[in-house]
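Following: one structure in structure tokens, then a few remarks.
In structure tokens:
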């Protein structure tokens, strides 16, 4: 298969409410959609670095894509890229792809291959696949509203709920206890502290709320080498997210207490690198879950398909579509009874609302 079309589109989608990233309010989501063509087949990928979280900017993304356009069109694509066994690295590894660019290119190429074979992305990538993906219901808004939100999510069928903590310790402790009482064991409570606490603060929090209230805490510590000590003093399992940027899997497998790794392909550096983490984690008995950085529904559908390839049906961090006032897929991704249905959904040009896209020239 030889790529003969490379097009880039930009988008800006308004959010129904701001999201706060490292103290910065984001009012709209911007990004790019990459279109690759090979004869009549088309594949689409999303490249949307998140301001304040991603290491790259929209400008650096566009500059790199301009440099890569001729590379992508120069020759036939290597065979068997869908195996995710190093083919992308062998082909494009010398170009030091930005993380979100690697994700977008790999997403577009894999969708291109899947479209040519008339299969879904999940069917292309895995023998083990799920048609319904359990979702971590994301609590949002003022603390006074969160307990009732948690009750509502349980009533809607969610079996896993995520809460951001890391503000006032005492306020967080009261809130977590209140939510735990409200959900009454009908859903697992996952906390995310975004590396807010010292070891002593994290241990105090963990012992106050207790293992019975919390399934795991994501990134509880400002200093990741303290994770084993935190686990020994609280017995609360830890999930890693931001730490994955600065450690290898060999480092992770030596950390006592790490039970989950949260994989964001736009941050990890693409789908192939994400699959390396998934394989290594499976071999060590560590859980993985796929999560988003507030991609549009185009990116979310890809991430949901990746989650659908998991050997374990873990709750994915994909409950972000509800923030968007409008979105790129004509048919929204629906979550019912706490699960997102992806069975049979393919990515074609007809699925995309091109009225929300503006073509960007590539040099």
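Residue numbers (this note's numbering): 1216 to 1578.
Glycine included, each C-beta is placed from N, C-alpha and C at the ideal position.
Within the same chain, show all residues whose beta-carbon is closer than 8 Å to that of residue i, passing over the 5 residues directly before and after it, in chain order.
i: residue 1235; result: 1241
i: residue 1316; result: 1262, 1271, 1276, 1279, 1280 and 1283
i: residue 1502; result: 1474, 1475, 1476, 1496, 1527 and 1529
i: residue 1468; result: 1495, 1499 and 1501
i: residue 1512; result: 1536, 1539, 1542, 1543, 1544, 1547 and 1548
i: residue 1313; result: 1264, 1270, 1271, 1275, 1276 and 1279
With a threshold of 6 Å on Cβ separation, who are the neighbours of residue i within its own chain once the five nearest residues in sequence on each side are excluded?
i: residue 1539; result: 1228
i: residue 1486; result: 1321 and 1480
i: residue 1398; result: 1365 and 1369
i: residue 1546; result: none
i: residue 1522; result: 1348, 1505 and 1531
i: residue 1215; result: Since the first and last residues shown for the chain are 1216 and 1578, residue 1215 lies out of range.
i: residue 1156; result: Shown here, the chain extends from 1216 to 1578; a query on residue 1156 therefore has no answer.
i: residue 1218; result: 1251, 1253, 1287 and 1288
Would you identify the three-state DSSP class for residue i, choosing helix, strand or coil?
i: residue 1216; result: coil
i: residue 1348; result: strand
i: residue 1474; result: strand
i: residue 1266; result: coil
i: residue 1251; result: strand
i: residue 1260; result: strand
i: residue 1409; result: coil
i: residue 1554; result: strand
i: residue 1240; result: strand
i: residue 1574; result: strand
i: residue 1311; result: coil
i: residue 1479; result: coil
i: residue 1285; result: helix
i: residue 1299; result: coil
i: residue 1513; result: helix
i: residue 1354; result: coil
i: residue 1489; result: helix
i: residue 1582; result: Since the displayed the chain opens at 1216 and closes at 1578, residue 1582 lies outside it and no answer follows.
i: residue 1383; result: coil
i: residue 1501; result: coil
Given that a residue counts as buried once 16 or more other Cβ atoms are within 10 Å of its Cβ, and exposed if not, what is residue i?
i: residue 1308; result: exposed
i: residue 1456; result: buried
i: residue 1573; result: exposed
i: residue 1417; result: buried
i: residue 1337; result: buried
i: residue 1360; result: exposed
i: residue 1458; result: buried
i: residue 1231; result: exposed
i: residue 1510; result: buried
i: residue 1181; result: A query on residue 1181 cannot be resolved here, the shown segment of the chain reaching from 1216 to 1578 and no further.
i: residue 1244; result: buried
i: residue 1542; result: buried
i: residue 1274; result: exposed
i: residue 1343; result: exposed
i: residue 1291; result: exposed
i: residue 1257; result: buried
i: residue 1507; result: buried
i: residue 1319; result: buried
i: residue 1289; result: exposed
i: residue 1435; result: buried
i: residue 1493; result: buried
i: residue 1237; result: exposed
i: residue 1439; result: buried
i: residue 1400; result: exposed
i: residue 1514; result: buried
i: residue 1534; result: buried
Identify the residues that DSSP records as bridge partners of residue i: which are they?
i: residue 1306; result: Its beta-bridge partners do not exist; DSSP assigns none.
i: residue 1539; result: 1230
i: residue 1449; result: For residue 1449, which the question treats as bridged, DSSP gives no partner whatsoever.
i: residue 1462; result: DSSP, once it has assigned bridges, lists no residue as partnering residue 1462.
i: residue 1433; result: 1407 and 1454
i: residue 1506; result: 1532
i: residue 1291; result: 1217
i: residue 1235; result: 1240
i: residue 1337; result: None, per the DSSP bridge assignment.
i: residue 1375; result: 1403
i: residue 1222; result: 1250
i: residue 1567; result: 1544
Keeping to the same chain, check which residues put their C-beta closer than 7 Å to that of residue i; ignore five residues upstream and five downstream.
i: residue 1302; result: 1293, 1295 and 1296
i: residue 1362; result: 1393, 1394 and 1397
i: residue 1577; result: 1221, 1223, 1280, 1281 and 1284
Check whether the Cβ of residue i lies closer than 9 Å to any Cβ atom in chain C.
i: residue 1275; result: The structure shown has no chain C; it contains just one protein chain.
### Message
Could you check whether the stretch 1476-1485 touches the stretch 1443-1453, counting it as contact only if at least three pairs of C-beta atoms, one from each stretch, sit closer than 8 Å?
### Response
no
### Query
Should the stretch 1423-1430 be called in touch with the stretch 1389-1398, which here means at least 3 C-beta pairs below 8 Å?
yes
### Meets three-Cβ-pair contact criterion under 8 Å: the stretch 1403-1416 and the stretch 1431-1445
yes
### Query
If we count Cβ pairs, one from each stretch, closer than 8 Å, do we get three or more for the stretch 1545-1558 versus the stretch 1249-1258?
no
### Query
If we count Cβ pairs, one from each stretch, closer than 8 Å, do we get three or more for the stretch 1561-1575 versus the stretch 1369-1388?
no
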